[in-house]
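Chemist:
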Amino acid sequence: NAEYMGTCTYLNLLMATDDATLASLLECHVCFEHFGCEAAREPMVLLCGHSLCRRCLERWSRSRTCPECRMPFSNTSPVVNFQLRSLAAWHTRAFLPPPVNDSETEASPAPPARTPDLSLDASRPRVRLVGLVNMGATDYLNVVLQTLFHLGAVRRAVYNMALAPGPSADTPTIASALQRLFWAMEHSTQDRVATTELTNAFGWQTSDLFVQHDAHELLHVLLETLDGLSAEARWVSEFFEGSLVTSVRTVDAEPPQESAHEDMFRSLALPIRHHASLDAALAAFFAAERMEHDNAWRDSAGVRRAAVLERRLLRCPQVLVLQLGRTEFCFETFEKKKLFDRFEFSLAIDLAPYAVDGASVVLDLYAVLVHSGGAVGGHRFVYLRPALSARWLRANDTAVGWVPEADVFSGSFGGLDGAGRPRATAETLIYVQRAAASRVFAPVDGDAPASVLASPAGSAAAAADG
108 NAEYMGTCTY LNLLMATDDA TLASLLECHV CFEHFGCEAA REPMVLLCGH
158 SLCRRCLERW SRSRTCPECR MPFSNTSPVV NFQLRSLAAW HTRAFLPPPV
208 NDSETEASPA PPARTPDLSL DASRPRVRLV GLVNMGATDY LNVVLQTLFH
258 LGAVRRAVYN MALAPGPSAD TPTIASALQR LFWAMEHSTQ DRVATTELTN
308 AFGWQTSDLF VQHDAHELLH VLLETLDGLS AEARWVSEFF EGSLVTSVRT
358 VDAEPPQESA HEDMFRSLAL PIRHHASLDA ALAAFFAAER MEHDNAWRDS
408 AGVRRAAVLE RRLLRCPQVL VLQLGRTEFC FETFEKKKLF DRFEFSLAID
458 LAPYAVDGAS VVLDLYAVLV HSGGAVGGHR FVYLRPALSA RWLRANDTAV
508 GWVPEADVFS GSFGGLDGAG RPRATAETLI YVQRAAASRV FAPVDGDAPA
558 SVLASPAGSA AAAADG
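Final position of the sequence shown in our numbering is 573; the numbers increase by one with none missing.
#1: Are the Cβ atoms of Pro-150 and Cys-163 separated by less than 8 Å?
#2: From Val-318 to Val-240, what does the alpha carbon distance come to, in whole angstroms?
#3: Report all residues from its chain with a CB closer than 7 Å to the CB of Arg-356; omit the five preceding and five following residues, and keep chain order.
#4: Use the C-beta contact count for Asp-504: other C-beta atoms within 10 angstroms, 16 or more gives buried, fewer gives exposed.
#5: Quick one: what's got a C-beta closer than 8 Å to Val-468's C-beta in the same chain, skipping five residues either side?
#6: Give the single residue among Arg-287, Asn-307 and His-257 whose Cα lies nearest to the Cα of Leu-270.
#7: Which full runs of the alpha helix (DSSP H) of 4+ residues lie inside the stretch 233–263, going along the chain?
#8: In terms of residues, what are the limits of the beta strand (DSSP E) holding Thr-357?
#9: Quick check on DSSP: helix, strand or coil for Gly-508?
#10: Around the C-beta of Val-300, are 16 or more other C-beta atoms found within 10 angstroms, so that it is buried, or is it exposed?
#11: Any idea if Lys-443 is buried or exposed, counting beta-carbon neighbours within 10 angstroms, 16 or more meaning buried?
#12: Does the stretch 237–251 come close enough to the stretch 291–309 to have 3 or more Cβ pairs within less than 8 Å?
#13: For Arg-546, which residues from the same chain have a beta carbon less than 8 Å from its beta carbon, with the 5 sequence-adjacent residues on both sides left out?
#14: Does the beta-carbon distance from Gly-238 to Val-515 come in below 8 Å?
#15: Quick check on DSSP: helix, strand or coil for Thr-303?
#16: Suppose the cutoff is 7 Å on Cβ atoms and the five residues either side in sequence are ignored; what does the same chain contact list for Ala-291 look like?
#17: Is His-478 closer than 8 Å to Arg-492 when the C-beta atoms are compared?
#18: If you drop the 5 nearest sequence neighbours on each side, which residues of the same chain put their C-beta closer than 8 Å to that of Arg-449?
#19: Output the distance between the C-alpha atoms of Ala-526 and Leu-500, rounded to the nearest integer angstrom.
#20: Compute the Euclidean distance between the alpha carbons of Val-250 and Leu-330, then round it to the nearest angstrom.
#21: Mind checking whether Ala-376 and Thr-535 have CB atoms under 8 Å apart?
#22: Using C-beta distances below 7 Å, list every residue in its chain close to Cys-173, excluding the 5 sequence neighbours before and after it, in chain order.
#23: Who are the near neighbours of Glu-399 in its chain, counting only those whose CB is closer than 7 Å to its CB and skipping five residues on each side?
#24: What are the boundary residues of the beta strand (DSSP E) that Ala-146 is part of?
#25: Measuring alpha carbon to alpha carbon, tell me which residue in Arg-192, Gln-312, Phe-347 and Val-186 is nearest Leu-258.
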């Protein structure tokens, strides 16, 4: 029963060999917040043995399946894991430091009443720590919005989007809803903002809010939509679009025949299986591929010939999106499955070995979009480095705060923890060209966007801010 499974979790805690493993067992593996004694943070153990906080259990009660293993449960089966709750309370008192106020200094020890800011340097605007409300299962939407919001070039383009009439007077457009959302995230005195207006502009119904989608796919669709709405011509192409040269060269013909063409891309899909690091995955993606037998290349005369296919980077986007192939289709079970293999990546990469001209192209890691759970369902959050500063921000729905750099890598490389459970995995990496960082993260100045000024509340807020 559930109480027995709670005892098993307790025994796993006693056998934890290090603080990192212990901390992992004492946090909810859906929202990644530490268990506690308050009602919303109480650990609830399911029949499958997995524990999650009461708040996440209420969120998942509609599906009646465990968010980690998808095992069904009834509304009456989950019970409080009292052993885990007691240990979580002890661990909080013994090991976890008190919350650190980001703007706190020796000269001003008293915490401010408002949400703390961070000044990246004297010449940059202060960055607000504002969360986004999860409307049901919209964590993937929150991840994408936080990622785009902290890119100054994107925020400026959104504010400059042309406004068109909506389908009805009561229905906002995507442009106006996104403008008001970003403005609220930038200027609101609240620590969280709801995305209701934006999801209404998408045309989503209440049931759509409880259906999870891929964050990378949403990012691609949203960028396509914004590209057509922006008054700045082709800004998405300018920042997110790159090009590859794909060439095919025969190896058994005299004289050799060759064909090449340019392919545009806004993200690169990299293999994960059999590759332990980003360097290895990039090398595999750009490796020469032999085409022969049934896969032989057909020349201009229609004759099949053995050939070599190669890809080279012709133009690197200023914001490079790398999609990691974490899911595969199993032909034995006819289901998708997730790869939890450990996959490492670094703070900076140089694509010179894969460039057409061999020139150095250095990019710095800006965002890590993380997924916890299996191939179906789970939870998403994002690690961000605003303006490529030395500090990392973790945006997990309404929980937004600064984290050590070590947490970014230990919390997204994947693999198994000390108890043999899968860790959270990075599913998308976003790098920014070092040479273009000043443009990508340029401060956003100017008046409030038209959609904000159009509303009485928005115009009053803009006047107060000015």
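C-beta atoms are modelled at their ideal positions from N, C-alpha and C, and glycine is treated no differently.
Modeler: Considering the structure as presented:
#1: Pairing Pro-150 with Cys-163 gives a Cβ-Cβ distance that is not under 8 Å.
#2: The straight-line gap separating the alpha-carbon atoms of Val-318 and Val-240 is approximately 16 Å.
#3: The beta carbon of Arg-356 lies closer than 7 Å to those of Pro-363, Glu-365, Ala-414 and Val-415 in the same chain, with the five residues before and after it left out.
#4: So Asp-504 ends up on the buried side.
#5: Leu-420, Cys-423, Asp-457, Leu-458, Ala-459, Ala-462 and Gln-540.
#6: Taking each of Arg-287, Asn-307 and His-257 in turn and checking the Cα distance to Leu-270, the smallest one comes out for Arg-287.
#7: Taking 4 residues as the shortest admissible run, the stretch 233–263 contains the following complete alpha helix (DSSP H) segments, listed from N- to C-terminal end: 246–256.
#8: First-last of the beta strand (DSSP E) with Thr-357: 349–357.
#9: In this structure, Gly-508 counts as strand in the three-state DSSP scheme.
#10: Buried: at least 16 other Cβ atoms inside 10 Å.
#11: With fewer than 16 other Cβ atoms within 10 Å, it is exposed.
#12: Touching, per the Cβ criterion.
#13: Sequence-distant partners of Arg-546 (beyond 5 residues in either direction) whose C-beta falls short of 8 Å from its own C-beta, in its chain, are Ala-260 and Gln-425.
#14: No, the Cβ-Cβ distance between Gly-238 and Val-515 is not below 8 Å.
#15: Residue state, collapsed to three classes: helix.
#16: Answer for Ala-291: Val-300, listed in chain order.
#17: Contact: no.
#18: In chain order, Ala-383, Phe-520, Gly-521 and Gly-522 place their CB closer than 8 Å to the CB of Arg-449, counting only its own chain and leaving out the 5 sequence neighbours on each side.
#19: For the pair Ala-526 and Leu-500, the Cα-to-Cα distance works out to about 27 Å.
#20: Val-250 and Leu-330: Cα-Cα distance of roughly 14 Å.
#21: Going by C-beta atoms, Ala-376 is not nearer than 8 Å to Thr-535.
#22: Sequence-distant Cβ neighbours of Cys-173 in its own chain, meaning closer than 7 Å and more than five residues away, are Leu-153, Cys-155, His-157 and Phe-180.
#23: Answer for Glu-399: Ala-413, listed in chain order.
#24: For Ala-146, there is no enclosing beta strand (DSSP E), as DSSP marks it with neither H nor E.
#25: The shortest CA-to-CA distance from Leu-258 to any of Arg-192, Gln-312, Phe-347 and Val-186 is the one to Phe-347.
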